[in-house]
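Colleague: I'd like to ask you about the structure that follows.
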Amino acid sequence: MVKVWIKAGNVKREVELYEDLAPVTVEAILNSLPIKGVVNRWGDEIYFETDVVVEVEENSKEVVEMGDVAYWIPGRAICVFFGPTPISEGDEIRPASAVNVIGKVVGDIEAFREVDDGEEVVIDRALE
1 MVKVWIKAGN
11 VKREVELYED
21 LAPVTVEAIL
31 NSLPIKGVVN
41 RWGDEIYFET
51 DVVVEVEENS
61 KEVVEMGDVA
71 YWIPGRAICV
81 FFGPTPISEG
91 DEIRPASAVN
101 VIGKVVGDIE
111 AFREVDDGEE
121 VVIDRALE
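43 is the number that full-length UniProt numbering gives to position 43 of the sequence shown; each next residue is one higher, with no gaps.
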């Protein structure tokens with residue numbers, strides 16, 4: 001399993017990537033590292049636009065789980081989900097539209113609640 005880290009604002013967490021479930025998307029992201037962007041908040045989700053271009057849907061989901069990391073094809077964005085979004089019903093976590101789930105945050109996902117719009121975000125390789 002490949003691991004990367006994500007740092008958004010003052011929060012830094014490891015992410016385990018699902019090479020077997022989303023091989024095209026994961027490869028495109030790994031080939032683009034490090035990826036830097038600016039955080040956007042949408043409910044309990046942060047996302048940021050990237051230069052990564054993936055047009056194939058794989059491991060595509062309309063409802064995700066706490067801690068999921070995904071690629072949103074229409075926005076060329078990487079998303080981190082840590083709770084409901086404005087269009088969630090009940091306790092579900094619903095992206096704006098289907099996303100390619102590429103991995104999972106390891107550790108305390110709640111810390112991402114402290115990340116604000118406009119903060120810098122970086123994804124890079126994890127040190128093994």
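Glycine included, C-beta positions come from ideal geometry on N, C-alpha and C.
Only counting runs of 3 or more residues, tell me where the beta strand (DSSP E) segments fall wholly within the segment 2-56, in order along the chain.
Modeller: Entirely contained in the segment 2-56, the beta strand (DSSP E) runs reaching 3 residues are, in chain order, 2-8, 11-17, 35-38, 45-49.
Colleague: Quick one: is asparagine 100 buried, meaning 16 or more other Cβ sit within 10 Å of its Cβ, or exposed?
Modeller: Position 100 of the sequence shown holds residue 100. When all chains shown are included, asparagine 100 counts as buried.
Colleague: Give me the Cα-Cα distance between glycine 103 and aspartate 117, rounded to the nearest whole angstrom.
Modeller: Here residue 103 is taken as the residue at index 103 of the sequence shown, counted from 1. Here residue 117 is taken as the residue at index 117 of the sequence shown, counted from 1. So the two alpha carbons sit approximately 22 Å from each other.
Colleague: Should the segment 61-71 be called in touch with the segment 32-41, which here means at least 3 C-beta pairs below 8 Å?
Modeller: With the cut-off at 8 Å, the segment 61-71 and the segment 32-41 do not touch.
Colleague: Quick one: measure Cβ to Cβ for valine 4 and alanine 126, integer angstroms, because I've assumed they're closer than 8 Å.
Modeller: For the purposes of this step, residue 4 is taken as residue 4 along the sequence shown, with counting starting at 1. For the purposes of this step, residue 126 is taken as residue 126 along the sequence shown, with counting starting at 1. Right, the Cβ-Cβ distance comes to about 5 Å (below 8 Å), so this counts as a contact.
Colleague: Should valine 39 and alanine 8 be called a contact, given that it needs their Cβ atoms to be closer than 9 Å?
Modeller: Counting from one through the sequence shown, the residue named residue 39 turns up at place 39. Counting from one through the sequence shown, the residue named residue 8 turns up at place 8. Contact flag set, yes.
Colleague: Looking at C-beta atoms only, is the number of pairs between the segment 83-94 and the segment 53-60 that lie closer than 8 Å three or more?
Modeller: At 8 Å Cβ cutoff, the stretches do not touch.
Colleague: Going by DSSP, what residue range makes up the beta strand (DSSP E) through asparagine 100?
Modeller: On the sequence shown, position 100 is the one that residue 100 refers to. Here the beta strand (DSSP E) through asparagine 100 covers 99-106.
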